[in-house]
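Below: the structure, in structure tokens.
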RNA sequence: GGUCGGUUGCCCGAGUGGUUAGGGAUCGGUCUGCAAAACCGGGGACAGCAGUUCGAAUCUGCUACCGACCUCCA
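Residue numbers (our numbering): 138 to 629.
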């Protein structure tokens, strides 16, 4: 049975959905004012893994991942400028052009990583009315106050009735003493009060009418609003990066409790950070490498380009609650490991069954399931698959055999866990879609086969010069030639 | 300063109180015209100190170092 680590209780808990057979999950998506970097891939892949596994288990899952396209201020002050508005000003674009541009690019990158699209991808800007209503509810319940056209959460009042800080393990006293003095906070009662609605400064481009002022919703409002709109006042899972735990998720809890009188989320899940030289990779450190840069190798820390599947594999090699330290060296190791897995999968499709199984194929399916049930332990799943790869290679080398039933089961486990759950594209699309292969492609394949047939003849005649010339020249062109017992294999 | 987490072999990274993680690299062997791939095998580890225990990398305490959050951040 699936166990997931709940940040609220700081331990693994058995997952029991609110409604039999159905799961609602909400994950904090990107703020679309720049290209997605490796750090963005982590939650996307982590919760994609969860999404896929829940579906595999038979749940009907509604997965909501938002697009933040309004409301994140650069500074916590009146003069603060919206990130998207700033980008729009700098690039002389409509804010919505910026939003659309980076949203498209985000989708493109996610597709490359084989991250499934969520069920609903709501935009903050498309839910202003709902957010205003949400703020109004908090006001009605007395947990917020209006100041100079802005609405602020009255954290002190709230903390008297609800445990503020329970998610991140803070108490109000700590926050009082530790919050820095920032400018432009005069209109707040306390520095730890946070904005629910912000009055727009005259030069602010993005603003909407509200009962309180022409302005925009506070930073944390969209998730509370859209989560409950699409998943209900209570739902199962809320995910996001650890760096969002405080203040973002803490504020979400406070908003929900203040508006609804109870919490919304049952299981809070947080993925850890990707580090680079031990430091968190992030916008604020300006040490990030975008996914596009990985894909085309265009960064001084990268020795070469890395395929999206190498990136996905690299992230899955570590458990989602551990930090992962990026380095080009680590990625190269991941690339080779992934190639090994791919190779085994390709061979698995070619294996011919025999009368009986003479190799230990073990309880692969159980191992994979146990690993996934244990808080999505993808490294353990991969370990099991690698063990299985060894067995597959042995069979492929005809040093062992496998029965028809065992082979079917083995193929099914790989399909279920490697392809469907881990979401690895193991590159058999060509083999499976022969019918859809273009004429050009099949002509090309035929030409390469022809060359290697000639080489095979040369080898039989012990004409090593011709044989090596063909192989070396093809290798130079990027082909990988492997001799087999009585033939050859090639890949590009 | 507060809260939380980490420290595993050459590198990346799992893990359980007693039994091989896995991947990469490396070394040796098998196979091969050579190569590649594959297979077999080897070496190499749990930050330090103290404690609990028959037994601890795994539990407890202390120390050192690193990091995250406390401001936007995935």
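We treat Cβ as the ideally placed atom computed from N, Cα and C, and that holds for glycine.
How big is the Cα-Cα spacing for residue i and residue j?
i: residue 320; j: residue 415; result: For residue 320, the predicted structure reports a pLDDT of 43, less than 50, and the residue's modelled location is therefore unreliable. A value from the coordinates is still provided. Their Cα atoms are separated by approximately 32 angstroms.
i: residue 524; j: residue 456; result: 19 angstroms
i: residue 379; j: residue 481; result: 35 angstroms
i: residue 262; j: residue 165; result: 15 angstroms
i: residue 504; j: residue 526; result: 14 angstroms
i: residue 148; j: residue 334; result: 35 angstroms
i: residue 485; j: residue 390; result: 48 angstroms
i: residue 171; j: residue 489; result: 50 angstroms
i: residue 386; j: residue 160; result: 20 angstroms
i: residue 586; j: residue 502; result: 37 angstroms
i: residue 453; j: residue 183; result: 8 angstroms
i: residue 215; j: residue 282; result: Because the pLDDT at residue 215 is just 45, under 50, the model does not fix this residue reliably, and the point stays unresolved.
i: residue 368; j: residue 162; result: 8 angstroms
i: residue 605; j: residue 498; result: 38 angstroms
i: residue 534; j: residue 440; result: 34 angstroms
i: residue 538; j: residue 519; result: 23 angstroms
i: residue 566; j: residue 372; result: Note on residue 566: pLDDT 48, under 50, position unreliable in the model; the coordinate value appears next. One C-alpha to the other measures close to 37 angstroms.
i: residue 194; j: residue 419; result: 34 angstroms
i: residue 428; j: residue 192; result: 27 angstroms
i: residue 511; j: residue 356; result: 34 angstroms
i: residue 474; j: residue 190; result: 23 angstroms
i: residue 236; j: residue 560; result: 28 angstroms
i: residue 462; j: residue 450; result: 14 angstroms
i: residue 629; j: residue 167; result: 35 angstroms
i: residue 611; j: residue 529; result: 28 angstroms
i: residue 370; j: residue 522; result: 40 angstroms
i: residue 229; j: residue 514; result: 46 angstroms
i: residue 198; j: residue 188; result: 7 angstroms
i: residue 307; j: residue 300; result: 10 angstroms
i: residue 617; j: residue 433; result: 21 angstroms
i: residue 352; j: residue 218; result: 12 angstroms
Looking only at DSSP bridge pairs, what is residue i linked to?
i: residue 463; result: 413
i: residue 345; result: 352
i: residue 618; result: 627
i: residue 150; result: 141
i: residue 204; result: 260
i: residue 336; result: 352
i: residue 385; result: Bridge partners of residue 385: none, in fact.
i: residue 372; result: 402
i: residue 221; result: DSSP, once it has assigned bridges, lists no residue as partnering residue 221.
i: residue 408; result: 378
i: residue 199; result: 161
i: residue 540; result: 491
i: residue 427; result: 174
i: residue 156; result: 159
i: residue 183; result: BP columns for residue 183 are empty, so no partner.
i: residue 168; result: 205
Taking 7 angstroms as the cut-off, decide whether the C-beta atoms of residue i and residue j are in contact.
i: residue 110; j: residue 430; result: Because residue 110 is not part of the residues shown, which for the chain are 138 to 629, the question remains open.
i: residue 358; j: residue 222; result: no
i: residue 470; j: residue 447; result: no
i: residue 250; j: residue 384; result: no
i: residue 460; j: residue 531; result: no
i: residue 607; j: residue 597; result: no
i: residue 157; j: residue 204; result: no
i: residue 268; j: residue 354; result: yes
i: residue 255; j: residue 329; result: no
i: residue 362; j: residue 278; result: no
i: residue 506; j: residue 563; result: no
i: residue 276; j: residue 185; result: no
i: residue 388; j: residue 331; result: yes
i: residue 260; j: residue 293; result: no
i: residue 305; j: residue 410; result: no
i: residue 169; j: residue 280; result: no
Count the C-beta pairs between the region 153-161 and the region 424-442 that are closer than 8 angstroms, then say yes if the count reaches three, no if not. no
Please go through the region 492-527 and give each complete alpha helix (DSSP H) segment of 4 or more residues, from N-terminal end onward. 501-510
Pairing CB atoms from the region 160-180 with CB atoms from the region 241-248, are three or more of them under 8 angstroms? yes
Would you list, in sequence order, the uninterrupted beta strand (DSSP E) runs of no fewer than 3 residues that lie entirely inside the region 430-481? 461-463
Can at least three beta-carbon pairs, one atom from the region 545-564 and one from the region 457-473, be found at a separation below 8 angstroms? no
Measuring CB atoms only, is the region 266-285 touching the region 382-397, in the sense that at least three cross pairs come out at less than 8 angstroms? yes
Using a Cβ distance threshold of 8 angstroms, determine whether the region 491-499 contacts the region 537-544, with at least three qualifying pairs required. yes
Do three or more CB pairs link the region 402-418 to the region 139-147 at distances below 8 angstroms? yes
Within 8 angstroms, do at least three Cβ pairs link the region 325-341 to the region 278-295? yes
Please give me, in chain order, every unbroken run of the beta strand (DSSP E) with length at least 3 that falls completely inside the region 238-297. 281-284 and 287-290
If we require 4 or more residues per run, which alpha helix (DSSP H) segments fall completely within the region 556-610? 566-569 and 576-597
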